[in-house]
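A.B. asks:
Written as structure tokens, this is what we have:
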């Protein structure tokens with residue numbers, strides 16, 4: 097019988113012996129189809145379900161792929177950890193390469209057939225239900241989903257096989273698989289980010305670190321590709337670089353697996369490491385991250401943060417512990433756990449050197465400022481100013497939407513220059529500002545600068561009163577030209593009115609409001625709390641793009657009053673029923689302290705209250721953070737009770 101016929105017969109025999117694994121995965125795929133069907137029946141918005149399923153992988157697909165890769169990889173090469181089975185299989189008249197691919201191809205088939213059936217059946221169910229708007233688009237997204245899932249399976253599958261080949265004992269192989277899945281992200285990139293946050297005062301985030309974090313380990317690479325899918329919309333071109341990286345890693349890991357399988361000796365079953373020569377490389381790869389983690393956590397809990405004694409004590413402890421663990425667990429050498437002192441010294445030295453890079457800022461991270469000619473635009477978010485996400489963009493969104501250019505850019509850059517050049521004592525600073533520099537080369541550079549005192553903050557006022565800043569910070573200002581199908585809702589925190597305005601009137605009101613909001617200065621925020629809000633929202637919802645109205649917005653208030661809106665109302669104008677004062681506990685819960693029901697108490701209290709949602713500038717005009725007031729008022733027209741969460745002015 098030829099070698100080819102032997103391979104085919106063995107391949108069939110191996111598949112028959114492992115058939116129960118195929119039926120298990122087929123059962124899980126059937127359960128996924130059933131789960132999808134029930135989800136479609138229970139939700140009214142079928143499109144949200146089907147678009148995610150037939151687009152990129154949903155949670156079920158992701159979990160099925162990861163489980164299949166781990167299960168098929170371990171099950172297909174489990175015989176390598178049994179002396180009796182290994183001797184039998186390795187004695188067959190087949191080459192090592194043929195023996196490897198017999199198990200390898202079966203593992204792929206066991207995943208691919210159930211998964212493809214699950215996806216296709218779910219697609220047919222969605223199509224029959226009439227939830228697919230464009231069949232061609234849906235088929236394209238389904239093809240992309242199958243491709244990405246298959247490549248993700250291959251990468252994880254190859255990683256599991258690598259873990260099974262590197263170690264002679266099953267328990268150690270499982271640990272190796274776990275390390276290989278996450279090593280690059282959590283043993284290399286994450287410690288670097290922790291040390292950046294600890295030692296660099298201007299560190300906020302790094303897109304380079306985020307990119308490496310998503311691509312530095314097999315599991316995180318596949319997860320990041322899956323996570324980018326939203327509502328079935330996924331373009332292959334926008335993720336081409338990651339897909340190419342995924343494909344290259346699949347090929348390289350397969351070549352490495354085949355090479356190691358051919359070189360693996362039968363005697364390696366009795367040793368923890370199948371390739372003992374790898375020990376000198378694995379030892380520092382485990383010891384250095386462990387040392388850096390221990391140093392970080394000891395330094396964070398140190399009584400004196402200015403002293404780095406605990407940092408180096410932690411580094412020494414982590415390196416010695418990891419070195420000893422490796423000697424005992426991987427080499428089985430209990431008595432001489434401190435052998436190979438040269439390797440231990442190397443790990444200690446490397447860990448200490450990495451820590452010194454951050455301590456002494458050898459790459460001048462904190463003092464770096466991009467050249468003005470290389471900055472295309474900027475964005476700024478100041479802590480403690482415009483903090484309510486309902487009426488102002490959250491910091492991350494503001495940084496992405498804001499594009500300071502022209503004079504605003506020049507002023508902001510000069511202001512940031514002064515912040516960068518000043519002494520940085522973050523613990524005693526007045527507040528801080530997050531800056532995003534967008535360079536002409538397309539790079540995004542983030543920095544967080546401490547602001548020493550109010551005078552430095554008010555130097556930012558020319559930028560704060562610019563249209564570029566306000567439109568980036570307040571989404572409502574971008575609503576001009578988009579009011580035809582949306583309502584304008586006014587509220588003073590207690591009452592709510594949908595404005596009876598035509599499109600032209602809504603545009604006029606927003607134009608007036610935009611002018612007054614753009615001219616709003618930081619000094620005004622020190623003297624005024626908002627007295628109302630405007631929200632641009634679609635019908636049948638009261639959530640949308642919101643903006644606050646300040647008492648100094650005279651033209652906006654007069655326009656509202658002309659349309660019968662009580663925009664001048666304050667809490668004192670309401671018929672107060674009761675007010676209950678709560679103390680905010682450390683665990684976040686509230687404890688009732690007092691109940692005010694008499695007219696005299698309520699009148700006195702009303703002048704001190706501000707609606708909680710309007711206390712948006714705790715830095716410039718703070719409120720009492722330790723208490724809340726639940727205010728109840730009576731609507732004279734309907735007789736109903738209106739409630740509002742309030743805060744006490746300081």
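Residue numbers (the numbering used here): 97 to 746.
Yeah, the Cβ is synthetic: ideal placement off N, Cα and C, and Gly gets one too.
Out of 568, 291, 399, 690, which has the shortest C-alpha to C-alpha gap to residue 90?
C.D. replies: Residue 90 is absent from the structure shown; the chain starts at 97 and stops at 746.
A.B. asks: Return the chain-ordered list of same chain residues with a C-beta closer than 6 Å to the C-beta of residue 475, the five sequence neighbours on each side being excluded.
C.D. replies: Taking the chain shown and counting its residues from 1, one reaches residue 475 at position 379. Hits under 6 Å: 495, 498, 532.
A.B. asks: What's the gap between the Cα of residue 389 and the Cα of residue 492?
C.D. replies: Taking the first residue of the chain shown as 1, we reach residue 389 at position 293. Taking the first residue of the chain shown as 1, we reach residue 492 at position 396. Whole-angstrom Cα-Cα distance: 28 Å.
A.B. asks: Report buried or exposed for residue 399, applying the criterion of at least 16 other Cβ atoms within 10 angstroms of its Cβ.
C.D. replies: Translated into the one-based positions of the chain shown, residue 399 becomes position 303. Its Cβ having fewer than 16 others within 10 Å, residue 399 is exposed.
A.B. asks: Please name the residue in 160, 114, 298 whose C-alpha comes closest to that of residue 542.
C.D. replies: For the purposes of this step, residue 542 is taken as residue 446 along the chain shown, with counting starting at 1. When each option's Cα is compared against that of residue 542, the closest is 298.
A.B. asks: Please report how far the alpha carbon of residue 249 lies from the alpha carbon of residue 164, in whole angstroms.
C.D. replies: Along the chain shown, one-based indexing puts residue 249 at 153. Along the chain shown, one-based indexing puts residue 164 at 68. So the two alpha carbons sit approximately 8 Å from each other.
A.B. asks: For a test of the three-state rule: what should DSSP assign to residue 328, helix, strand or coil?
C.D. replies: Taking the chain shown and counting its residues from 1, the one referred to as residue 328 is at position 232. Summary for residue 328: the model assigns pLDDT 47, below 50, so the residue's position carries little reliability; its value from the coordinates is reported in the next sentence. Three-state DSSP puts residue 328 in coil, outside helix and strand.
A.B. asks: If you measure from the beta carbon of residue 202 to each beta carbon in chain D, is any gap under 7 Å?
C.D. replies: No chain D appears in the structure shown, which is made up of a single protein chain.
A.B. asks: At the level of alpha carbons, what is the spacing between residue 358 and residue 276?
C.D. replies: Walking along the chain shown from the start, residue 358 turns up at place 262. Walking along the chain shown from the start, residue 276 turns up at place 180. Rounded to whole angstroms, residue 358 to residue 276 spans 21 Å at the Cα level.
A.B. asks: Using C-beta distances below 8 Å, list every residue in its chain close to residue 724, excluding the 5 sequence neighbours before and after it, in chain order.
C.D. replies: Within the chain shown, the letter at position 628 stands for residue 724. Same-chain partners within the cutoff: 677, 678, 680, 686, 708, 741, 742, 743.
A.B. asks: Roughly how many angstroms separate the alpha carbons of residue 264 and residue 310, rounded to a whole number?
C.D. replies: Translated into the one-based positions of the chain shown, residue 264 becomes position 168. Translated into the one-based positions of the chain shown, residue 310 becomes position 214. Each residue's alpha carbon lies about 31 Å from the other.
A.B. asks: Classify residue 436 as helix, strand or coil using the three-state DSSP reduction.
C.D. replies: Mapped onto the chain shown, residue 436 falls at position 340. It is coil, neither helix nor strand.
A.B. asks: Roughly how many whole angstroms lie between the Cα atoms of residue 551 and residue 580?
C.D. replies: Against the chain shown, residue 551 aligns to sequence position 455. Against the chain shown, residue 580 aligns to sequence position 484. Rounded to the nearest angstrom, the two C-alpha atoms are 43 Å apart.
A.B. asks: With a threshold of 8 Å, are at least 3 pairs of Cβ atoms found where one atom belongs to the stretch 613–623 and the other to the stretch 690–703?
C.D. replies: With the cut-off at 8 Å, the stretch 613–623 and the stretch 690–703 do not touch.
A.B. asks: Assuming residue 584 and residue 564 are in contact, meaning their beta carbons sit under 8 Å apart, how far apart are those beta carbons, in whole angstroms?
C.D. replies: One-based indexing of the chain shown puts residue 584 at position 488. One-based indexing of the chain shown puts residue 564 at position 468. Contact doesn't hold; Cβ gap of about 24 Å is too wide.
A.B. asks: Would you call residue 161 buried or exposed, if buried means 16 or more other Cβ atoms sit within 10 Å of its Cβ?
C.D. replies: As a position in the chain shown, residue 161 is number 65, starting the count at 1. Buried.
A.B. asks: Please state whether DSSP places residue 292 in a helix, a strand or coil.
C.D. replies: As a working mapping, residue 292 is identified with position 196 in the chain shown. Note: residue 292 maps to helix in three-state DSSP.
A.B. asks: Exposed or buried, what is residue 180 when buried is set at 16 or more other beta-carbons lying within 10 Å of its beta-carbon?
C.D. replies: Here residue 180 refers to the residue found at position 84 when the chain shown is read from its first residue. Exposed, because fewer than 16 other Cβ atoms sit within 10 Å of the Cβ of residue 180.
A.B. asks: Could you tell me the distance, in whole angstroms, from the CA atom of residue 167 to the CA atom of residue 256?
C.D. replies: As a position in the chain shown, residue 167 is number 71, starting the count at 1. As a position in the chain shown, residue 256 is number 160, starting the count at 1. Each residue's alpha carbon lies about 9 Å from the other.
A.B. asks: On the CB-based measure, 16 or more other CB atoms within 10 Å of its CB, does residue 384 come out buried or exposed?
C.D. replies: For the purposes of this step, residue 384 is taken as the residue at position 288 of the chain shown. Counting Cβ neighbours within 10 Å, residue 384 comes out buried, since at least 16 surround it.
A.B. asks: Could you give the DSSP three-state label for residue 740: helix, strand or coil?
C.D. replies: Looking up residue 740 in the chain shown gives position 644. Note: residue 740 maps to strand in three-state DSSP.
A.B. asks: Mind checking residue 737: buried by the 16 CB within 10 Å criterion, or exposed?
C.D. replies: Taking the chain shown and counting its residues from 1, the one referred to as residue 737 is at position 641. Exposed is the call here.
A.B. asks: Tell whether a beta-carbon distance below 7 Å holds between residue 313 and residue 280.
C.D. replies: Start at 1 with the first residue of the chain shown, and residue 313 comes out as number 217. Start at 1 with the first residue of the chain shown, and residue 280 comes out as number 184. Yes.
A.B. asks: Can you tell me the Cα-Cα spacing of residue 354 and residue 361, whole angstroms?
C.D. replies: Counting from one through the chain shown, the residue named residue 354 turns up at place 258. Counting from one through the chain shown, the residue named residue 361 turns up at place 265. Approximately 13 Å between the Cα atoms of the pair.
A.B. asks: Apart from the five residues on each side of it in sequence, which residues of its chain come closer than 8 Å, Cβ to Cβ, to residue 326?
C.D. replies: Within the chain shown, numbered from 1, the residue matching residue 326 stands at position 230. Any answer about residue 326 is weak, because its pLDDT of 48 lies below 50 and its placement is not dependable; what the coordinates show is given next. Answer for residue 326: no residue qualifies.
A.B. asks: On the DSSP bridge list, what partners appear for residue 676?
C.D. replies: Reading the chain shown from its first residue, position 580 is the one you call residue 676. Answer by DSSP bridge pairing, in chain order: 691, 726.
A.B. asks: For residue 217, which residues in the same chain have their Cβ closer than 6 Å to its Cβ, ignoring the five residues on either side in sequence?
C.D. replies: Looking up residue 217 in the chain shown gives position 121. For residue 217, where only same-chain residues beyond five positions count, the Cβ hits under 6 Å are 129.
A.B. asks: In terms of residue numbering, what span does the alpha helix (DSSP H) encompassing residue 641 cover?
C.D. replies: Position 545 of the chain shown holds residue 641. Segment 641–645 is the beta strand (DSSP E) holding residue 641; no alpha helix (DSSP H) there.
A.B. asks: Is the beta carbon of residue 652 less than 7 Å from the beta carbon of residue 661?
C.D. replies: For the purposes of this step, residue 652 is taken as the residue at position 556 of the chain shown. For the purposes of this step, residue 661 is taken as the residue at position 565 of the chain shown. No; because the gap between Cβ atoms is not below 7 Å, this pair is not in contact.
A.B. asks: Report the three-state DSSP secondary structure of residue 476 (helix, strand or coil).
C.D. replies: Translated into positions along the chain shown, residue 476 becomes position 380. In this structure, residue 476 counts as strand in the three-state DSSP scheme.
A.B. asks: Output yes or no for whether 7 Å exceeds the beta carbon distance between residue 415 and residue 397.
C.D. replies: Taking the first residue of the chain shown as 1, we reach residue 415 at position 319. Taking the first residue of the chain shown as 1, we reach residue 397 at position 301. No, these two residues do not count as a Cβ contact at 7 Å.
A.B. asks: Can you tell me which of the three DSSP states residue 654 falls into?
C.D. replies: Residue numbering aside, residue 654 sits at position 558 when the chain shown is read from its first letter. In the structure shown, residue 654 sits in a helix (DSSP, three-state: H, G or I).
A.B. asks: Is it true that the stretch 193–210 meets the stretch 171–180, where meeting means three or more beta-carbon pairs spaced less than 8 Å apart?
C.D. replies: Counting Cβ pairs under 8 Å, three or more are found: they touch.
A.B. asks: Does residue 718 pass the burial test, meaning 16 or more other C-beta atoms within 10 Å, or should it be called exposed?
C.D. replies: Counted from its first residue, the chain shown places residue 718 at position 622. With fewer than 16 other Cβ atoms within 10 Å, it is exposed.
A.B. asks: Out of curiosity, what's the CA-to-CA distance linking residue 540 and residue 488?
C.D. replies: To locate residue 540, count along the chain shown from 1; it is residue 444. To locate residue 488, count along the chain shown from 1; it is residue 392. Straight-line Cα distance between these residues: approximately 22 Å.
A.B. asks: What whole-angstrom Cβ distance do residue 478 and residue 529 have, given they're in contact under 8 Å?
C.D. replies: Position 382 of the chain shown, counted from the start, is the residue given in the question as residue 478. Position 433 of the chain shown, counted from the start, is the residue given in the question as residue 529. Contact flag correct, Cβ pair sits at about 5 Å.
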